[in-house]
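K.L.:
Numbering (this note's numbering), first residue to last: 18 to 174.
1. Three or more C-beta pairs under 8 Å: does that hold for the region 68 to 76 against the region 49 to 59?
2. Since residue 155 is in the alpha helix (DSSP H), which residue starts that stretch and which ends it?
3. Jot down the residue ranges of each uninterrupted beta strand (DSSP E) in the region 107 to 145, minimum 3 residues, whole runs only, in chain order.
4. I need the DSSP call for residue 62, collapsed to helix, strand or coil.
5. State the DSSP-derived secondary structure class of residue 27, mapped to helix, strand or coil.
6. Just the C-alpha distance for residue 96 and residue 22, rounded to the nearest angstrom, thanks.
7. Would residue 24 pass as a contact of residue 111 if the rule is Cβ separation under 8 Å?
8. Helix, strand or coil for residue 69, going by three-state DSSP, please let me know.
9. When you compare each of 99, 135, 160 and 86 to residue 117 by their alpha carbons, which one comes out closest?
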């Protein structure tokens with residue numbers, strides 16, 4: 018059984034040690050821009066979304082915990098927002114630590130995120146996934162997520 022527990026300040030600092038660089042590497046891996054620009058965009062994104070760290074309004078960061086494991090097995094970052102009169106929840110990050118992958122923790126965390134979104138009155142739960150992350154794509158498809166838009170790029174240089 019998986020439970021989402023609000024992240025502590027210590028867990029948040031631990032998350033932030035690699036979060037910006039991980040996001041920059043994901044952007045770079047997709048050919049978005051040179052790595053230096055990816056790092057700048059990633060840093061700016063985190064500063065805009067989490068200006069007050071873990072206490073940033075509308076942002077909810079959780080540790081994924083399980084009774085059969087000592088300590089967190091991963092994390093989920095959700096945001097609650099309203100646009101065009103529709104309240105929705107957005108998954109900014111879902112990560113299961115490498116040693117715990119393939120054991121159903123991500124599936125359980127996603128179900129927990131969906132339950133929270135419903136509890137908050139959200140009409141939908143959305144996320145973005147990188148094209149190269151086939152494991153995550155399969156997880157989201159099995160959980161009932163559908164493609165709502167598809168951004169496409171042609172690299173010219």
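The beta-carbon is built from N, C-alpha and C at its ideal position, and this holds for glycine as well.
P.N.:
Reading off the structure:
1. At 8 Å Cβ cutoff, the stretches do not touch.
2. 151 to 159 is the span of the alpha helix (DSSP H), which, as asked, contains residue 155.
3. At a cut-off of 3 residues, the continuous stretches assigned as beta strand (DSSP E) that sit fully inside the region 107 to 145 are 141 to 144.
4. Helix at residue 62.
5. Reduced to three states, the DSSP call for residue 27 is helix.
6. Approximately 15 Å between the Cα atoms of the pair.
7. Between residue 24 and residue 111, the gap from beta carbon to beta carbon reaches 8 Å or more.
8. Three-state result, residue 69: coil.
9. Sorting 99, 135, 160 and 86 by C-alpha distance to the C-alpha of residue 117 places 86 at the top.
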